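Chains as they are written, first to last, in my numbering: chain A, 13 to 198; chain B, 51 to 214. We put the beta carbon where it would ideally sit given N, CA and C, even for glycine. Remember, it's a predicted structure, so these values are computed and weren't measured experimentally.
Set out below in structure tokens:
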């Protein structure tokens, strides 16, 4: 499955009480286009979606916070997973969409394929984690979402995805507008 | 000299419930008090830009978090400031230790950043105040007023021995 198909498949799991933080580039554009609005659509701050998700999860413990990030973004912010592994907010869930490239900037390879995500996440002290290859096993995706989003602990799901065919247009909302619309819904 | 507990009480009264950052020895006493605080939780970040991310996420969740870092961290947080906090107009209060001045003359690693600290803050467009002496509450009042009015990042510089 392509990254955008995986994001679109999340739709049925997203309720009004789900707060999504989506990483800059294609991931936030896909979240904007395929999932209920408004959410936190990052325009920049590469490497920080997990940290922003941590802060949001601490501020809103009654709501589910879902971070959706690409592999390049995740690897840039890797040390923040140590902090998340330490504080373990139970309402924080993270999905890593791993296409092994920097898709938004033209498809340059990341070094993600060298990482054993299960060992990595275990090493960070993440309590509940999994890895799924959506290219080989697309039928398992919805079950994996169910497990992730009903987990009572900090949970992370790594998903190997195929490269998207094209980049989507930029999100039309200005950043301040994104902030205001998002905060109005909480 | 300003007592750590007085600063934390002030911040708690101003609705700060979380703090995060990377330590500096100038903030040793403040961090000890934070550790004991029932009102303000401290999250130990691994990097200063991560701390900016946490504080921004906390604000988006409608709560207030302040930051603590050395001025060396000002070099690390450039993108987090310009493409997150400032771009989305998220108000942030950052306490920055002013390393590299006279007391640090035997710490050459701090000197270059010490020389450019205020220029760096000015370049980022961050209003900043050097907090010392008896009028510290007025300085923080002014900084918070500016932060809230403009939804902006503001910075409090702290020299050695000012917070005890």
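Integer Cβ distance of residue i from residue j, believed to fall under 8 Å
i	j	result
residue 89/A	residue 59/A	4 Å
residue 131/A	residue 144/A	At roughly 16 Å, the Cβ-Cβ gap does not stay under 8 Å, so residue 131/A and residue 144/A are not in contact.
residue 117/B	residue 143/B	7 Å
residue 8/A	residue 75/A	Any question about residue 8/A goes unanswered here, given that chain A covers just 13 to 198.
residue 105/A	residue 161/A	6 Å
residue 25/A	residue 194/A	Going by Cβ atoms, the distance from residue 25/A to residue 194/A rounds to 19 Å, so no, they are not a contact pair.
residue 103/B	residue 134/B	7 Å
residue 83/B	residue 52/B	About 11 Å; that fails the 8 Å criterion.
residue 95/A	residue 94/B	7 Å
residue 113/B	residue 71/A	4 Å
residue 87/A	residue 122/A	7 Å
residue 146/A	residue 13/A	4 Å
Proximity winner among the options, relative to residue i (alpha-carbon distances)
i	options	result
residue 120/B	55/B, 72/B, 68/B, 204/B	72/B
residue 182/A	29/A, 50/A, 54/A, 24/A	54/A
residue 214/B	66/B, 80/B, 62/B	80/B
residue 62/A	25/A, 28/A, 103/A	103/A
residue 88/B	97/B, 61/B, 212/B, 173/B	61/B
residue 127/A	140/A, 119/A, 111/A	111/A
residue 59/B	198/B, 91/B, 75/B, 78/B	91/B
residue 123/B	151/B, 133/B, 164/B, 86/B	164/B
residue 67/B	105/B, 211/B, 166/B	105/B
residue 136/A	176/A, 170/A, 91/A, 156/A	91/A
residue 97/B	82/B, 115/B, 127/B, 69/B	127/B
residue 192/A	180/A, 173/A, 51/A, 118/A	51/A
residue 40/A	28/A, 73/A, 115/A, 13/A	115/A
residue 152/B	211/B, 51/B, 133/B, 55/B	211/B
residue 125/B	86/B, 173/B, 95/B, 76/B	173/B
residue 164/A	93/A, 14/A, 36/A, 77/A	77/A
residue 37/A	95/A, 117/A, 125/A	117/A
residue 129/B	56/A, 49/A, 184/A	56/A
residue 148/B	169/B, 108/B, 209/B	209/B
residue 33/A	67/A, 139/A, 14/A	67/A
residue 189/A	146/B, 57/B, 110/B	110/B
residue 177/A	35/A, 171/A, 119/A	119/A
residue 57/B	107/B, 190/B, 115/B, 101/B	190/B
residue 149/A	129/A, 141/A, 134/A, 173/A	173/A
residue 175/A	113/A, 134/A, 184/A	113/A
residue 35/A	85/A, 49/A, 29/A, 93/A	85/A
Beta-bridge pairing of residue i - partner residues as DSSP gives them
i	result
residue 76/A	30/A
residue 167/A	105/A, 140/A
residue 176/A	Beta-bridge pairing links residue 176/A to no other residue.
residue 69/B	92/B, 116/B
residue 178/B	205/B
residue 146/B	119/B, 207/B
residue 82/A	109/A
residue 121/A	113/A
residue 53/A	34/A
Report yes or no: do three or more beta-carbon pairs, one from the segment 45-54 of chain A and one from the segment 13-21 of chain A, lie closer than 8 Å? They touch, by the three-pair rule.
Within the chosen definition, does the segment 152-166 of chain B reach the segment 136-143 of chain B through at least 3 CB pairs nearer than 8 Å? In this structure the segment 152-166 of chain B does not touch the segment 136-143 of chain B; the number of beta carbon pairs closer than 8 Å is below three.
Please list, in chain order, the residues of the segment 125-136 of chain B that have any C-beta partner in chain A closer than 8 Å. From the segment 125-136 of chain B, only 129, 130, 132, 133, 134 have a Cβ closer than 8 Å to chain A.
Taking any Cβ of chain A, which residues in the segment 81-97 of chain B have a Cβ under 9 Å from it, in chain order? So the list reads 91, 93, 94, 95, 96, 97, given in the order they occur along the chain.
Check each residue of the segment 86-100 of chain A: if its Cβ is closer than 8 Å to any Cβ of chain B, include it; give the result in chain order. Taking 8 Å as the upper bound on Cβ-Cβ separation, chain B lies near residues 89, 91, 92, 94, 95, 98, 99 of the segment 86-100 of chain A.
Using a Cβ-Cβ cut-off of less than 7 Å, give me the residues of the segment 61-77 of chain A that come near chain B, in sequence order. Under the 7 Å Cβ criterion, the segment 61-77 of chain A contributes 63, 64, 65, 66, 67, 68, 70, 71, 72.
Which residues, taken in chain order from the segment 27-56 of chain A, show a beta carbon closer than 9 Å to some beta carbon of chain B? Across the segment 27-56 of chain A, CB contacts with chain B closer than 9 Å involve 31, 33, 36, 52, 54, 55, 56, in sequence order along the chain.
With a cut-off of 8 Å, do at least 3 Cβ pairs link the segment 104-123 of chain A to the segment 70-86 of chain A? Contact holds: three or more Cβ-Cβ distances are below 8 Å.
Indicate whether the contact test is met: 3 or more Cβ pairs, each with one atom in the segment 173-193 of chain B and one in the segment 205-212 of chain B, closer than 8 Å. Yes, the segment 173-193 of chain B touches the segment 205-212 of chain B.
To be precise: take each residue of the segment 162-194 of chain A, compare its Cβ to all Cβ atoms of chain B, and keep it if any distance is under 8 Å. Which residues remain? Within the segment 162-194 of chain A, the residues whose Cβ lies closer than 8 Å to some Cβ of chain B are 187, 188, 190, 191, 194, listed in chain order.
Name the residues in the segment 103-132 of chain A whose C-beta lies less than 8 Å from a C-beta of chain B; which are they? Contacts with chain B (Cβ-Cβ distance below 8 Å) from the segment 103-132 of chain A involve no residue at all.
Just by C-beta distance, which residues in the segment 179-206 of chain B are closer than 9 Å to chain A? From the segment 179-206 of chain B, only 201 have a Cβ closer than 9 Å to chain A.
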